[in-house]
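Enquirer:
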Amino acid sequence: MYLKSRLILVSLSCTLIVLSAVVVFTGLYKGRLGGSVAEGCHVEKTSLLQIAIKTATFWEVVLVYDVIIFILLVRKAFQAREEISYQWGRHSTRLPSLLTILVRDGTIYFV
15 MYLKSRLILV SLSCTLIVLS AVVVFTGLYK GRLGGSVAEG CHVEKTSLLQ
65 IAIKTATFWE VVLVYDVIIF ILLVRKAFQA REEISYQWGR HSTRLPSLLT
115 ILVRDGTIYF V
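Sequential numbering from 15 applies to the sequence shown in the numbering used here.
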């Protein structure tokens, strides 16, 4: 889709490394990750909070990466639509819709 662009490759690789480091740090971190340390019966609640924060961090990282991919996909779909309309003429009735281009390119991403 991006014709083996080194800029896209380096950008996505760096983003993936940073996001992976966040997940690893959160998973290995033994200190407090938010909330207050309570006395007595609330100790288990604090432990559940730490597990929840670690799990949420993982899913937030996945969401951030997928949003970046989606933004790249939408950008490329607009470019493809412009190229097609330039080749076929702006008022052609056979132009594919933006949704058709998004589904086509999005399917390629998930395959």
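For every residue, glycine included, the Cβ atom is placed at its ideal position computed from N, Cα and C.
Taking one C-beta from the region 85–99 and one from the region 30–42 each time, how about it: are there three or more such pairs within less than 8 Å?
Expert: They do not touch, by the three-pair rule.
Enquirer: Compute the Euclidean distance between the alpha carbons of Tyr-43 and Arg-118, then round it to the nearest angstrom.
Expert: The straight-line gap from Cα to Cα measures roughly 41 Å.
Enquirer: In angstroms, rounded to a whole number, what distance separates the CA positions of Tyr-16 and Glu-96?
Expert: Going from the Cα of Tyr-16 to the Cα of Glu-96 covers about 16 Å.
Enquirer: In three-state DSSP terms, what is Leu-33?
Expert: Here Leu-33 sits in helix by DSSP.
Enquirer: Helix, strand or coil: how does DSSP classify Arg-108 here?
Expert: Here Arg-108 sits in coil by DSSP.
Enquirer: Out of Ala-66, Val-78 and Ile-22, which has the shortest C-alpha to C-alpha gap to Ser-34?
Expert: Among Ala-66, Val-78 and Ile-22, the Cα nearest to that of Ser-34 is on Val-78.
Enquirer: Measure from the alpha carbon of Ile-22 to the alpha carbon of each residue in Ile-82, Ala-94 and Pro-110, then state which is nearest.
Expert: When only C-alpha atoms are compared, the closest one is Ile-82.
Enquirer: Express the C-alpha separation of Ser-19 and Ile-65 in angstroms, rounding to a whole number.
Expert: About 39 Å.
Enquirer: Between the C-alpha atoms of Leu-30 and Trp-102, what's the straight-line distance to the nearest angstrom?
Expert: Those two C-alpha atoms are separated by around 38 Å.
Enquirer: Does DSSP classify Lys-18 as helix, strand or coil?
Expert: Note: Lys-18 maps to coil in three-state DSSP.
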